[in-house]
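Numbering (the working numbering), first residue to last: 42 to 724.
The beta carbon of each residue, even a glycine, is placed where N, CA and C say it ideally should be.
It should be emphasised that the depicted structure is a prediction, and the values quoted were computed from it without experimental measurement.
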């Protein structure tokens with residue numbers, strides 16, 4: 042970053058190794074760099090981090106990033122240092138040496154980016170420290186945490202607004218999911234009610250395949266899905282801590298590499314899981330929702346939910362942890378009547394005000410609508426975020442449209458059984474009545490004498506279970522928390538009960554075994570062996586450095602290497618994700634894997650020009666120098682320029698030929714000046 046002031050594009054290429062911005066990134070980078078207050082809502086994997094990291098390098102002074110989880114901060118700091126950016130973090134997990142290094146960087150003015158957790162803002166000395174450190178920009182990651190409407194409220198985020206006012210600097214806030222209520226609260230809490238420049242990116246993640254399945258044999262369904270994706274990193278989310286442990290053991294028993302993660306574990310054990318997940322290829326973490334938000338791992342290939350998430354926002358956030366590198370990723374969400382009952386009662390039994398509980402039911406309804414959808418899942422998901430699109434061709438419903446049936450009569454029978462029994466019973470007892478099973482409980486209450494007794498005997502119990510599940514999914518019935526989960530009818534069911542409306546349900550193929558879905562291939566069969574070899578080399582380097590594998594190169598970069606097979610450093614430099622520092626550090630190593638040969642070691646001055654136009658100019662200058670080493674007639678005294686001098690001349694460009702003689706000096710200019718000027722003018 043010496044010499045002329047860098048631009049966003051030169052930094053994007055030279056530091057981060059990307060040749061183009063993702064959608065909306067450049068507009069956000071320009072606004073943040075110009076000192077505007079910004080709120081950016083971008084999908085997970087949409088490149089939010091770059092939207093404050095690049096402006097931090099373009100602006101003078103220090104950028105402070107408020108981020109919610111220590112693991113995320115430490116990984117981002119490590120990744121920034123890997124590409125040559127001075128960055129640090131002040132966290133409770135710092136060693137004394139790490140904290141001293143951060144303070145030194147601040148006092149010497151070297152540090153460009155400082156990460157800290159919102160809890161740090163409670164310390165009285167933090168504001169004073171930042172005021173003395175030349176802060177010129179405040180960035181807030183996961184900004185939805187400031188909102189009580191959001192799905193991960195963090196009270197310490199409420200201190201950020203006061204810090205911004207005290208420092209009097211622009212603020213850029215970023216999040217992946219924020220509905221209108223959450224956005225309004227972010228503006229109020231962080232920006233003092235003054236509307237920032239807002240960027241609302243699309244919510245579509247087209248590389249992620251969406252799939253839902255009704256629970257049949259849930260453990261077998263998860264084991265089958267994971268086994269088909271052996272050697273791929275994945276997350277399985279569970280509703281309870283105990284389930285994470287039993288499912289992790291079941292996966293391990295089948296020969297997969299799996300471990301549990303939940304908030305009840307010792308901190309050291311949790312950190313060990315986080316470290317392993319970052320560095321090992323193919324590890325499966327079976328976790329509660331405590332895992333993932335702080336994991337900056339772009340090559341998670343799949344996410345499965347063994348239990349229904351709590352809302353559509355939570356679902357979107359959790360599946361968004363897969364495929365952040367843009368390569369193919371997959372999801373599977375299992376759900377059943379018990380999940381729906383549990384989530385409804387969780388909302389009803391909460392201490393939140395009635396308005397909030399109603400909104401939470403609405404969010405759950407949106408997720409259940411997605412689970413029971415009859416058309417393209419991506420269309421259904423994006424409609425919730427007010428985006429329209431065509432069928433995606435990359436979800437389970439596009440691949441295999443569901444078998445449906447007119448469920449109106451079945452729903453009327455079920456509602457009748459509920460009402461005639463005083464809305465006091467759950468699915469099991471109601472099913473006994475409908476299929477005509479005369480249990481002790483049925484007889485004792487005289488329910489065998491009801492007009493509805495046996496009216497549903499043409500449908501078996503498992504299909505009645507599916508019908509009740511879909512009735513709950515369509516919010517026609519809800520469990521009553523005050524009556525031990527007994528089902529009660531909602532207003533939405535009245536038109537069906539009266540015969541004024543009809544309804545269509547999916548016909549669950551309950552008799553079929555869970556399908557062993559084949560994972561999507563990352564590369565062609567021809568390129569797969571090379572990709573495996575590149576991953577093995579990456580793992581070797583990561584283990585030696587005790588660093589996450591993606592910090593060396595993410596999957597997407599290795600995939601491009603395997604597909605394009607560069608055979609020179611110049612070609613390697615054109616691969617997305619290979620910046621100048623990484624080319625210098627790892628280029629030759631990975632080139633050797635691709636070509637099978639140890640590449641010729643070029644002079645460091647030439648390596649720095651790899652992938653640039655000036656690299657080709659350098660090669661032509663070097664060839665001309667060899668030809669003129671003894672003069673035009675080959676009889677003169679041998680003369681040559683240093684590699685560093687040739688690199689300086691190569692970097693001049695065609696409009697600076699008048700500077701060649703000054704750089705060469707009289708003696709060298711007489712021998713090489715005219716030829717070098719000719720080469721530069723043709724560049």
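Beta-carbon proximity of residue i to residue j, cut-off 9 angstroms
| i | j | result |
| --- | --- | --- |
| residue 588 | residue 226 | no |
| residue 538 | residue 456 | yes |
| residue 52 | residue 98 | yes |
| residue 592 | residue 119 | yes |
| residue 277 | residue 353 | no |
| residue 230 | residue 176 | no |
| residue 259 | residue 377 | yes |
| residue 666 | residue 693 | no |
| residue 491 | residue 462 | yes |
| residue 529 | residue 536 | no |
| residue 375 | residue 409 | no |
| residue 546 | residue 507 | yes |
| residue 208 | residue 163 | no |
| residue 489 | residue 483 | yes |
| residue 248 | residue 367 | yes |
| residue 525 | residue 467 | yes |
| residue 392 | residue 414 | no |
| residue 275 | residue 345 | yes |
| residue 635 | residue 668 | no |
| residue 218 | residue 185 | yes |
Other residues of its chain near residue i: CB distance less than 7 angstroms, five sequence neighbours each side excluded
| i | result |
| --- | --- |
| residue 498 | 476 and 477 |
| residue 69 | 79, 81, 92 and 240 |
| residue 402 | 388 |
| residue 663 | 687 |
| residue 407 | 353 and 425 |
| residue 343 | 270, 273, 275, 363, 370, 371 and 372 |
Cβ neighbours of residue i in the same chain (closer than 8 angstroms, five flanking residues each side left out)
| i | result |
| --- | --- |
| residue 157 | 105, 106, 107, 108, 114, 130, 131, 132 and 167 |
| residue 411 | 253, 353, 356, 418, 421, 422 and 425 |
| residue 238 | 72, 77, 78, 79 and 80 |
| residue 224 | 80, 82 and 239 |
| residue 228 | 80, 234, 235, 236 and 237 |
| residue 128 | 117, 118, 121, 122, 152, 153, 154, 155 and 156 |
| residue 681 | 666 and 670 |
| residue 320 | 580, 583, 584, 587, 588, 589 and 590 |
Under the three-state DSSP convention, the category residue i falls into
| i | result |
| --- | --- |
| residue 52 | helix |
| residue 350 | coil |
| residue 519 | strand |
| residue 227 | helix |
| residue 676 | coil |
| residue 154 | strand |
| residue 69 | helix |
| residue 687 | helix |
| residue 635 | helix |
| residue 746 | This structure does not reach residue 746, given that the chain is present from 42 up to 724, and the question cannot be answered. |
| residue 576 | helix |
| residue 10 | Nothing about residue 10 can be read from this structure; the chain reaches only from 42 to 724. |
| residue 32 | Residue numbering for the chain in the displayed model covers 42 to 724; residue 32 lies beyond these limits and cannot be assessed. |
Assigned exposure category for residue i - 16 Cβ within 10 Å defines buried
| i | result |
| --- | --- |
| residue 717 | buried |
| residue 37 | As displayed, the chain neither begins before 42 nor continues past 724, which places residue 37 out of reach and without an answer. |
| residue 723 | exposed |
| residue 585 | exposed |
| residue 565 | exposed |
| residue 501 | exposed |
| residue 696 | exposed |
| residue 515 | buried |
| residue 141 | exposed |
| residue 554 | With a pLDDT of only 40 at residue 554, under the threshold of 50, the placement of this residue in the model should not be trusted; the figure read from the coordinates follows. Under this definition residue 554 is an exposed residue. |
| residue 404 | buried |
Cβ-based neighbour list, residue i, same chain, cut-off 6 angstroms, excluding 5 preceding and 5 following
| i | result |
| --- | --- |
| residue 621 | 55 |
| residue 301 | 285, 286, 289 and 327 |
| residue 451 | 508 |
| residue 710 | 702 |
| residue 364 | 248, 249 and 370 |
| residue 339 | 365, 366, 591 and 595 |
| residue 510 | 378 |
In chain order, which alpha helix (DSSP H) runs of at least 4 residues are fully inside the segment 395–471? 395–412, 418–425, 437–440 and 449–461, all fully within the segment 395–471.
Going residue by residue through the segment 269–297, where are the continuous alpha helix (DSSP H) segments of at least 4 residues, counting only ones entirely within it? 282–294
Taking only runs of the alpha helix (DSSP H) that begin and end inside the segment 93–150, which ones reach a length of at least 4 residues, in chain order? 111–123 and 137–148
Completely contained alpha helix (DSSP H) runs for the segment 470–552, where each covers 4 or more residues: 481–485, 502–514 and 535–538
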